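>
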Amino acid sequence: MASLKALKVRIGSVKSTQKITKAMKMVAAAKLRRAQEAAEAGRPYAQRLEAVVASLASKVTISEASHKLLAGTGKDQVHLFVVATSDKGLAGAFNTNIARLARRRALELAAEGKTVKFYTIGKKGRAVLNRLFPKDMHHSIEPGDLGKLVFADARGYADDLIARFEAGEFDVAHLFYSNFKSVLTQEPTEQQIIPVAIPAAPEGDAAASAVTEYEPGEEEILADLLGRNVAIQLYRAMRENAASEQGSKMTAMDNATRNAGDLIKRLSIQYNRARQAAITTELVEIISGAEAL
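All residue numbers for the sequence shown refer to our numbering, where the first residue is 935 and numbers rise by one.
So, in structure tokens, the structure goes:
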């Protein structure tokens, strides 16, 4: 059994840790409110823009003259995984779940004979994937505090991705991030962002078959929207990640605080037992000494 001094030191250490995790939970809760509001405010625009671009893309005839973000390269051999995580840890399984989804999809594509490269936004995702795919790491970015990212940051990431795409470095780009559902639920998500994904219209869909005239034409509108859509989807992912990170961190710190409390109780029981045993031993020694006299 540990000595009384060792148990007392251990209890004091765990109490200090408990104070830290409790404070971190409160900080995460405060940041979560702002991050959640930002994520929810940005969803309608990002979803609607994606739907508009997909709708326009489905109405034009794709040819060699079409915008590359629409027509693609004509191949799907090289896939770029844009894996967005955070630079910081202590957020439960937030970063791990995103990297795990990217890993699973990479292995599926590799089994089909495809080539997968990784473009990481966030140190934590890079650290995990670099251990698994050290030869496939293509580029990495450290975004810093996710809650402080602005659209200009996402625009810069998008411009870099589009330039690499036009240079022929990859055929298809997939974005991986965590979709915020609630404090307890953050859903790892995959989304194709380059070239634009064109969903097949259901048979007999009246809306899909309706005649719509655009001014200017679909091609001109798409030329302006395609690049913006990539940036908007990246920005949405950053906002979702910011909320997901704080929600996961809040839950992790709450669990850590509870676990620290349970450990303090167990250590206190051990300390009291050890103290009682020491008192009993000392009392026996005193009585034995008195009898000897």
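For glycine and all other residues, C-beta sits at the position ideal for the given N, C-alpha and C.
Note that the structure is a prediction, hence the values are computed from the model and not measured.
Under 8 Å between the Cβ atoms of Val987 and Val1117?
No, they are not a contact pair.
> Exposed or buried, Met1187, counting other C-beta atoms within 10 Å across all chains shown (16 or more means buried)?
Buried, since its Cβ has 16 or more Cβ neighbours within 10 Å.
> Under the DSSP definition of a beta bridge, which residues are partnered with Glu1121?
In the DSSP output, where bridge partners are listed per residue, Glu1121 has Asn1113.
> Please specify which runs of the alpha helix (DSSP H), each continuous and at least 4 residues long, are wholly inside the segment 985 to 1014, giving them in chain order.
Here the runs fully enclosed are 1002 to 1005.
> Going by beta-carbon coordinates alone, are Lys1115 and Ala962 separated by less than 8 Å?
The answer is no: Cβ separation not under 8 Å.
> Once the 5 residues before and after Leu983 are set aside, which same chain residues still bring their CB inside 6 Å of it?
Closer than 6 Å at the Cβ level, and outside the excluded window around Leu983, lie Asn1163, Ile1166.
> Please return the same chain residues whose Cβ sits closer than 6 Å to the Cβ of Thr1119, not counting the five positions on each side in sequence.
Excluding positions up to five away in sequence, the list is empty.
> Just verifying my parser: in three-state terms, what is the DSSP assignment at Val961?
In this structure, Val961 counts as helix in the three-state DSSP scheme.
> Do you know offhand how far Ser1143's Cα is from Ala1005's?
With a pLDDT of 45 at Ser1143, under the threshold of 50, the modelled position of this residue cannot be trusted, and the question is left open.
> To the nearest angstrom, report how far apart Ala969 and Gly1008 are at their CA atoms.
Looking at the two C-alpha atoms, the distance is approximately 39 Å.
> Taking only three categories from DSSP, how would you classify Ala1141?
Confidence at Ala1141 is low in this model, with a pLDDT of 47, below 50, so its placement is unreliable and no value can be given for it.
> Classify Glu1179 as buried or exposed, calling it buried when 16 or more other Cβ atoms lie within 10 Å of its own Cβ.
Result: buried.
> Sorted by chain position, which residues of the same chain lie with C-beta nearer than 7 Å to Lys1048's C-beta, five sequence neighbours on each side aside?
So the qualifying residues of the chain are Gln1011, His1013.
> In this structure, how does DSSP classify Val908 when only helix, strand and coil are distinguished?
There is no way to answer for residue 908, as the model of the chain reaches only from 935 to 1227.
> For Glu1121 and Arg1039, which I take to be in contact (beta-carbon distance under 8 Å), what is that distance rounded to the nearest angstrom?
With a Cβ gap of about 15 Å, Glu1121 and Arg1039 do not count as contacting.
> Helix, strand or coil: which one does DSSP assign to Ile1055?
Ile1055 falls in the strand class under three-state DSSP.
> Can you give me the Cβ contacts of Ala991 inside the same chain, cut-off strictly under 7 Å, excluding the 5 residues immediately before and after it?
Answer for Ala991: Leu1004, Val1130, Ile1132, Leu1156, listed in chain order.
> Ala1018 bridges to which residues according to DSSP?
Its beta-bridge partners are Ile1055.
> Starting from the N-terminal side, write out each stretch of the alpha helix (DSSP H) that is 4 residues or longer and does not extend beyond the segment 1174 to 1216.
Correct list: empty.
> Does DSSP put Ala894 in a helix, in a strand, or in coil?
Residue coverage of the chain in this structure runs from 935 to 1227, which leaves residue 894 outside it and unanswerable.
> In the DSSP assignment, find the alpha helix (DSSP H) that holds Ile1075 and state where it starts and stops.
Premise fails: Ile1075 lies in the beta strand (DSSP E), 1071 to 1075, not in any alpha helix (DSSP H).
> Ala1018 and Leu1159 - do their beta-carbons sit closer together than 8 Å?
Against a cut-off of 8 Å, the Cβ pair of Ala1018 and Leu1159 comes out as no contact.
> Would you call the CB atoms of Ala1033 and Val1062 closer than 8 Å?
It is a contact, given that the beta carbons lie within the stated cut-off.
> Going by C-alpha distance, which of Tyr1091, Ala1036, Gly976 is nearest Asp1070?
Of the listed residues, the one whose Cα sits closest to Asp1070 is Ala1036.
> Return the CA-CA distance between Lys1002 and Tyr979, expressed in angstroms with no decimal places.
In a straight line, the C-alpha of Lys1002 is about 24 Å away from that of Tyr979.
> How far does the alpha helix (DSSP H) with Leu1041 in it reach, from first residue to last?
It spans 1028 to 1045 - the alpha helix (DSSP H) in which Leu1041 sits, taken as one unbroken run.
> Which term fits Arg1209, buried or exposed, when burial requires 16 or more other beta carbons within 10 angstroms of its beta carbon?
Looking at its Cβ environment, which holds fewer than 16 other Cβ atoms inside 10 Å, Arg1209 is exposed.
> Does DSSP classify Ile1132 as helix, strand or coil?
In the structure shown, Ile1132 sits in coil (DSSP, three-state: anything other than H, G, I, E or B).
> Relative to the C-alpha of Asp1079, which candidate in Asn1064, Val1050, Arg1060, Gly1023 has its C-alpha closest?
Selected option, being the one with the closest Cα: Gly1023.
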